[in-house]
Amino acid sequence: MTTQKILELCTRQIAENSIIDLPENIFSALTVEQANAIVDHFRGKAFLRLPLKERTFFDWLKIYDEHVWRDLWGDDSVEPPYIVSVIFLPMLLDDVRGFPICDLETTDNYYFTNDHFISDEADVLIEASKERFLDQKTLTVSQLLALEISLSPIDIWRFAYHHKIDLTQAKGAVKRLTDEKMLIHLKTSEDLADFIEFG
525 MTTQKILELC TRQIAENSII DLPENIFSAL TVEQANAIVD HFRGKAFLRL PLKERTFFDW
585 LKIYDEHVWR DLWGDDSVEP PYIVSVIFLP MLLDDVRGFP ICDLETTDNY YFTNDHFISD
645 EADVLIEASK ERFLDQKTLT VSQLLALEIS LSPIDIWRFA YHHKIDLTQA KGAVKRLTDE
705 KMLIHLKTSE DLADFIEFG
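Counting from 1 along the sequence shown, just add 524 to a position and that's the residue number in my numbering.
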């Protein structure tokens with residue numbers, strides 16, 4: 525589907541339902557350029573229903589960390605809204621990261637960027653983790669987390685979900701890295717604000 529046809533579809537959806545809700549076949553075929561065109565056209569004027577893969581992730585989150593889910597989506601447990609600003613659309617194309625969890629108000633955030641590494645030892649850990657990964661050797665949860673953070677910002681829930689790691693183990697890896705003074709854990713959305721950039 526051409527970018528123009530997608531923009532026309534989005535315009536019709538907004539007129540009919542007040543939100544953009546792309547069918548899965550269209551979403552799965554979207555390019556980054558098309559997603560950016562949608563953002564440019566509808567920035568500040570439209571909201572987006574999360575695609576199926578994202579809704580599946582957040583349904584998982586509701587089961588395994590309901591407090592975080594409620595912090596994000598409120599108490600609408602019968603019909604979760606899963607509606608976000610259209611500016612997040614390009615991020616949703618990433619198979620691993622998706623919609624970021626980085627603005628929690630009632631519980632600690634676990635969102636990390638490469639800038640959260642604070643020591644030379646962290647650089648050594650990341651390089652060693654890359655080598656182990658490329659050599660197809662087993663990585664510890666801490667090594668895997670360090671590698672993921674070094675590639676692109678990620679939150680602990682997305683990390684645990686993608687790698688099928690127990691949340692307690694994933695949070696334990698954060699604690700190990702912070703105890704070893706390799707990683708800084710900024711827990712409030714205010715402290716994280718300078719590290720977050722969208723759209």
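All C-beta atoms in this analysis are idealised placements derived from N, C-alpha and C, irrespective of residue type, glycine included.
Run through the stretch 638-681 for me and flag every whole alpha helix (DSSP H) of 4 or more residues, listed as ranges in chain order. 644-658 and 665-675
Going by alpha carbons, who is nearest to ASP724 out of GLU704, LEU533 and ASP679? Here the chain has residues from 525 to 723 only, and residue 724 is not among them.
Per DSSP, VAL610 is paired with what? VAL610 pairs with nothing; no bridge assigned.
Check this for me: beta carbons of PHE571 and ILE530, under 9 Å apart or not? no
Out of SER552, GLN667 and ALA694, which one is the CA nearest neighbour of GLU655? GLN667
Cβ-based burial, ARG492 [other Cβ within 10 Å; buried from 16]: Nothing about residue 492 can be reported from this structure: the residues present for the chain run from 525 to 723 only.
Distance CB(TYR634)-CB(ILE720) smaller than 9 Å: no
Alpha carbon to alpha carbon, how far is LEU617 from VAL610? 13 Å
Determine the direct distance from the alpha carbon of THR712 to that of ASP627, and round the result to whole angstroms. 8 Å
Helix, strand or coil at PHE571 according to DSSP, with G and I counted as helix: Under the three-state reduction of DSSP, PHE571 is assigned to strand.
Between which residues of its own chain and HIS591 is the CB-CB distance below 6 Å, once the five residues before and five after are set aside? THR631
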